[in-house]
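**Student:** Protein sequence lines correspond, in order, to chains A and B. My numbering puts the first residue of the first sequence at 31, with every later residue one more than the last. My numbering puts the first residue of the second sequence at 173, with every later residue one more than the last. C-beta atoms are modelled at their ideal positions from N, C-alpha and C, and glycine is treated no differently. Here the structure is a predicted model, which means the values were calculated and not measured.
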Amino acid sequence: MSNFPKDLRYTNDHEWLRDGAHVRVGITQFAVDQLGDVTLVDLPREGDLVTKGQRFGTIESVKSVSDLYAPVSGRVTKINTALKDTPELVNQDPYAGGWMIEIEPSERHELEELLTPDAYDNLVASQG
Amino acid sequence: MTEAPRKRTPLFEAHRQLGARLIDFGGWDMPVQYKAGTIKEHKTGREAVGLFDVSHMGEARLRGPRAAEAVARLTSNDVTGAPVGKAVYTLLCLPHGGIVDDCIFYKRADDDYFVIVNASNTAKDLAWMREQTQGLVEVEDLSDATALIAVQGPKAALMVDELAGGGLIKLPSFSFADATVGGVKCMAARTGYTGEDGFELACAADEAVRLWTALLEAATGLGGLPIGLGARDTLRLESKLPLYGNDIDDTTTPLEAGLGWAVKLDKGDFIGRDALVKQKAHGLGRQLVGFRIDERAIARHGYAIVDRGQPEGEQEIGTVTSGGPGISVPGAIGLGYVPTARAAAGTAITIDCRGKDVPATVVKGKFYTRPKT
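1) At a CB-CB cut-off below 7 Å, which residues of chain B make contact with Glu90/A?
2) The alpha helix (DSSP H) with Asp148/A in it runs from where to where?
3) Does any residue of chain B bring its CB to less than 7 Å from the CB of Gly127/A?
4) With distances taken between CB atoms, is the gap from Ala360/B to Ala351/B smaller than 7 Å?
5) Is it the case that the Cβ atoms of Ala240/B and Leu308/B are separated by a distance below 7 Å?
6) Taking only beta carbons into account, state which residues of the region 104–119 of chain A come closer than 9 Å to chain B, listed in chain order.
7) Let's test the definition: count the other Cβ atoms within 10 Å of the Cβ of Asp333/B and tell me whether it reaches 16, buried, or not, exposed.
8) Counting only the same chain and skipping the five closest in sequence on each side, list residues whose C-beta sits under 6 Å from that of Ala192/B.
9) Buried or exposed for Met31/A, going by 16 or more other Cβ atoms inside 10 Å?
10) Nearest-angstrom Cα distance between Gly485/B and Leu153/A?
11) Assuming Asp341/B contacts Leu383/B (C-beta within less than 8 Å), just tell me the rounded distance between them.
12) Return the chain-ordered ranges of every alpha helix (DSSP H) run that is complete within the region 40–88 of chain A and spans a minimum of 4 residues.
13) Output the distance between the C-alpha atoms of Gly396/B and Val120/A, rounded to the nearest integer angstrom.
14) In this structure, how does DSSP classify Leu431/B when only helix, strand and coil are distinguished?
15) I'd like to know if Ile321/B contacts chain A, where contact means its C-beta is closer than 7 Å to some C-beta of that chain.
16) What is the DSSP secondary structure of Thr541/B, counted as helix, strand or coil?
17) Measure the CB-CB distance between Glu231/B and Leu314/B and report whether it falls below 7 Å.
18) Please list the residues of the region 203–233 of chain B that have a C-beta atom closer than 7 Å to any C-beta atom in chain A, keeping them in chain order.
19) Can you confirm whether Thr69/A, when its beta carbon is compared against all beta carbons of chain B, has any partner nearer than 7 Å?
20) State buried or exposed for Asn293/B, treating a residue as buried only when at least 16 other CB atoms are found within 10 Å of its CB.
21) For the alpha helix (DSSP H) holding Val449/B, just list the boundary residues, first then last.
22) Can you give me the start and stop residues for the alpha helix (DSSP H) that Gln189/B sits inside?
23) What's the C-alpha gap between Gln157/A and Ala517/B?
24) Any Cβ of chain A within less than 7 Å of the Cβ of Tyr540/B?
25) Please work out which residues of its chain come closer than 8 Å, Cβ to Cβ, to Val92/A, disregarding the five sequence neighbours upstream and downstream, and give them in chain order.
26) For Thr366/B, which residues in chain A fall below 7 Å Cβ to Cβ?
27) Would you call the CB atoms of Asp251/B and Thr262/B closer than 7 Å?
28) Is the Cβ of Gly219/A closer than 7 Å to any Cβ of chain B?
29) Given a threshold of 16 other Cβ atoms within 10 Å of its Cβ, counted over all protein chains shown, does Ile238/B qualify as buried or as exposed?
30) Taking all protein chains shown into account, decide if Gly77/A is buried (16 or more other Cβ within 10 angstroms of its Cβ) or exposed.
31) Ala469/B to Lys279/B, Cα distance in whole Å?
32) Determine whether the Cβ of Tyr82/A lies closer than 7 Å to any Cβ atom of chain B.
33) Can you tell me which of Glu134/A, Val106/A, Lys36/A and Gln64/A puts its alpha carbon nearest to the alpha carbon of Glu90/A?
34) So, for Val226/B: in the same chain, excluding its five sequence neighbours on each side, which residues have a beta-carbon less than 6 Å away from its beta-carbon?
35) Nearest CA to the CA of Ala376/B: which residue from Pro177/B, Ala176/B and Thr181/B?
36) For Thr406/B, go through chain A and note every residue whose CB falls closer than 7 Å to its CB, in chain order.
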């Protein structure tokens with residue numbers, strides 16, 4: 031399982047983040063494997079403020095419901111509206127079509143605190 | 173304290189080789205899904221044929237000259253009055269009417285009954301049956317010696333019939349016969365827990381792999397799949413089949429749960445009969461109903477059903493006992509207990525979904541009914 035994309039950063043809660051002017055956020059393949067088939071993704075609205083470590087949405091699979099946690103603080107600038115009708119994109123392509131929100135970070139230093147691919151790999155190895 | 177090792181069915185290795193995701197299910201290492209995933213497995217069960225390893229379930233045999241007397245005492249339905257060769261769904265009740273378990277009794281002869289019970293209740297049920305029928309009958313525990321494979325879906329019955337060399341397709345629903353399927357001696361029952369046609373096949377544990385292999389080969393040729401517990405749950409929920417521990421337990425009665433059809437108050441005495449007669453006379457305070465969520469949300473086991481028109485502290489009027497996304501039906505569906513005044517079809521109810529009030533509507537009958545063939 032040890033091939034998490036090298037160009038992303040990760041959280042302990044199994045979200046990924048792609049750096050940029052606005053950062054893009056989703057959940058990892060490991061999280062997807064744990065959840066099984068995703069049936070509903072509840073996301074914030076554009077313009078909402080999110081706080082690092084706080085809930086920004088929920089994801090429901092056939093069997094369970096889980097919270098989604100913001101990897102950094104900031105303003106939501108974009109949401110993946112395709113997930114409303116096709117939540118299965120999260121299963122099919124968690125790092126591309128299954129992305130969830132974009133955030134304009136208010137505290138850029140928070141990005142430094144995220145896990146590197148290797149560190150996340152170790153975390154997953156200890157949980158798997 | 174070390175965790176007790178999880179129990180394995182005789183098909184554990186077969187599941188692992190099929191790429192199953194295994195979870196702890198009541199102390200058993202069971203496949204929750206295979207590679208196809210829960211949604212695909214569910215649809216395959218509705219459209220083609222699915223194989224379910226349910227060997228974790230408990231089995232027992234009650235035999236002897238007074239077996240009928242013992243079985244009649246234990247069961248709410250008229251098991252002993254049924255013809256030989258019938259499988260009868262019944263409740264085992266406590267004296268106060270609460271449910272010890274729901275199970276199926278198979279009448280092999282007037283003095284010989286086989287029973288299949290829920291996995292998580294096996295030890296409790298056997299102790300209960302022995303305690304309540306002391307001196308009447310021997311209750312033989314066959315749980316470890318028996319494997320159970322369910323074959324369900326529109327292509328299931330014919331597939332099993334062909335593997336048996338014919339003779340099974342004519343069995344009516346809730347009947348059973350001894351048969352040889354794929355070269356393995358089985359008790360084949362026209363029963364299931366999915367709302368689909370099919371068979372449940374009980375065989376000797378050490379023959380389970382041989383039977384599974386024959387079934388899987390035949391099913392694969394028909395577009396079938398092995399199906400995990402995830403889809404087993406969504407299939408049974410769409411067909412409004414209750415799950416012990418979720419929808420029914422020792423605090424709920426069969427009448428509240430809508431299982432009155434499996435309670436024969438006029439068949440003679442049985443454990444719990446007096447309490448159920450009284451409850452029927454007094455009327456039910458609450459009832460288990462099906463509901464459909466009116467918004468984009470999913471209700472889960474344990475969520476509160478609320479009435480915000482009531483004073484603070486009295487707003488929780490019921491509980492969701494099962495819930496999830498519909499797969500063969502649109503929207504999210506569930507079961508829950510509500511006061512009888514709210515139980516009529518079409519009644520608007522409100523469910524507290526993790527702090528958010530979500531509207532839902534009570535619906536009558538099964539969520540999914542299979543198309544007539």
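**Tutor:** Straight from the coordinates:
1) Within the first sequence, the letter at position 60 stands for residue 90/A. What Glu90/A touches in chain B: Ile470.
2) Here residue 148/A is taken as the residue at index 118 of the first sequence, counted from 1. Looking at the DSSP string, the run of the alpha helix (DSSP H) that includes Asp148/A is Pro147 to Gln157.
3) For the purposes of this step, residue 127/A is taken as residue 97 along the first sequence, with counting starting at 1. So no, Gly127/A is outside the interface.
4) Along the second sequence, read from residue 1 onward, the residue named residue 360/B stands at position 188. Along the second sequence, read from residue 1 onward, the residue named residue 351/B stands at position 179. A contact, by the Cβ cut-off of 7 Å.
5) Stepping through the second sequence from its first residue, residue 240/B is reached at position 68. Stepping through the second sequence from its first residue, residue 308/B is reached at position 136. No, they are not a contact pair.
6) Lys114 and Glu118
7) Residue mapping note: residue 333/B aligns to position 161 of the second sequence, counting from 1. Buried.
8) The count along the second sequence starts at 1 and reaches residue 192/B at position 20. Within the same chain, Ala192/B has close Cβ partners Pro203 and Tyr206.
9) Position 1 of the first sequence holds residue 31/A. Unreliable positioning characterises Met31/A in this predicted model, as indicated by a pLDDT of 47, which lies under 50. A coordinate reading is not provided.
10) Along the second sequence, one-based indexing puts residue 485/B at 313. Along the first sequence, one-based indexing puts residue 153/A at 123. Computed Cα separation, rounded: 43 Å.
11) Numbered from 1 along the second sequence, position 169 holds the residue referred to as residue 341/B. Numbered from 1 along the second sequence, position 211 holds the residue referred to as residue 383/B. The residue you asked about is not Asp; residue 341/B is Ile in the sequence shown. Not a contact, Cβ separation roughly 18 Å.
12) 59–65
13) Reading the second sequence from its first residue, position 224 is the one you call residue 396/B. Reading the first sequence from its first residue, position 90 is the one you call residue 120/A. One C-alpha to the other measures close to 25 Å.
14) Walking along the second sequence from the start, residue 431/B turns up at place 259. Three-state result, Leu431/B: coil.
15) In the second sequence, the residue the question calls residue 321/B occupies position 149. Not an interface residue.
16) Here residue 541/B is taken as the residue at index 369 of the second sequence, counted from 1. Three-state result, Thr541/B: coil.
17) Position 59 of the second sequence, counted from the first residue, corresponds to residue 231/B. Position 142 of the second sequence, counted from the first residue, corresponds to residue 314/B. Taking 7 Å as the Cβ cut-off, Glu231/B and Leu314/B qualify as a contacting pair.
18) Gln205, Gly209, Thr210 and Ile211
19) Counting from one through the first sequence, the residue named residue 69/A turns up at place 39. So, interface residue.
20) Counted from its first residue, the second sequence places residue 293/B at position 121. When all chains shown are included, Asn293/B counts as buried.
21) For this step, residue 449/B is matched to residue 277 along the second sequence. Its alpha helix (DSSP H) spans residues Arg445 to His454.
22) What you label residue 189/B is simply residue 17 of the second sequence in a count that begins at 1. Taken as a continuous stretch (DSSP letters only), the alpha helix (DSSP H) holding Gln189/B covers Phe184 to Gln189.
23) Here residue 157/A corresponds to residue number 127 of the first sequence, with the count starting at 1. Here residue 517/B corresponds to residue number 345 of the second sequence, with the count starting at 1. So the alpha carbons of these two residues sit roughly 46 Å apart.
24) On the second sequence, residue 540/B is found 368 positions in, with the first residue counted as 1. Chain A, which has no Cβ nearer than 7 Å to the Cβ of Tyr540/B, makes this no.
25) In the first sequence, residue 92/A corresponds to position 62, counting from 1. Counting only Cβ-Cβ distances below 8 Å, and skipping sequence neighbours, we find Gly66, Asp67 and Thr69.
26) Along the second sequence, one-based indexing puts residue 366/B at 194. Residues of chain A passing the Cβ test: none, with the nearest at roughly 15 Å.
27) Residue mapping note: residue 251/B aligns to position 79 of the second sequence, counting from 1. Residue mapping note: residue 262/B aligns to position 90 of the second sequence, counting from 1. It should be noted that the sequence gives Val, not Asp, for residue 251/B. Their beta carbons are under 7 Å apart, which means Val251/B touches Thr262/B by this criterion.
28) Past the boundaries of the shown model lies residue 219/A; chain A is included only from 31 to 158, so the question cannot be answered.
29) Locating residue 238/B in the second sequence gives position 66, counting from the first residue. First, the amino acid is wrong: residue 238/B is Arg here, not Ile. With fewer than 16 Cβ atoms within 10 Å of its Cβ, Arg238/B is classed as exposed.
30) Residue numbering aside, residue 77/A sits at position 47 when the first sequence is read from its first letter. Per the 10 Å Cβ criterion, exposed.
31) Stepping through the second sequence from its first residue, residue 469/B is reached at position 297. Stepping through the second sequence from its first residue, residue 279/B is reached at position 107. Ala469/B and Lys279/B: Cα-Cα distance of roughly 44 Å.
32) Counting from one through the first sequence, the residue named residue 82/A turns up at place 52. In the sequence on display, residue 82/A carries Lys and not Tyr. Lys82/A does not count as touching chain B.
33) Translated into the one-based positions of the first sequence, residue 90/A becomes position 60. It is Gln64/A whose Cα lies nearest to the Cα of Glu90/A.
34) Working through the second sequence from its first residue, we reach residue 226/B at position 54. Answer for Val226/B: Leu320 and Ala322, listed in chain order.
35) In the second sequence, residue 376/B corresponds to position 204, counting from 1. Cα-wise, what sits closest to Ala376/B is Thr181/B.
36) Counting from one through the second sequence, the residue named residue 406/B turns up at place 234. By Cβ distance, chain A contributes Val92.
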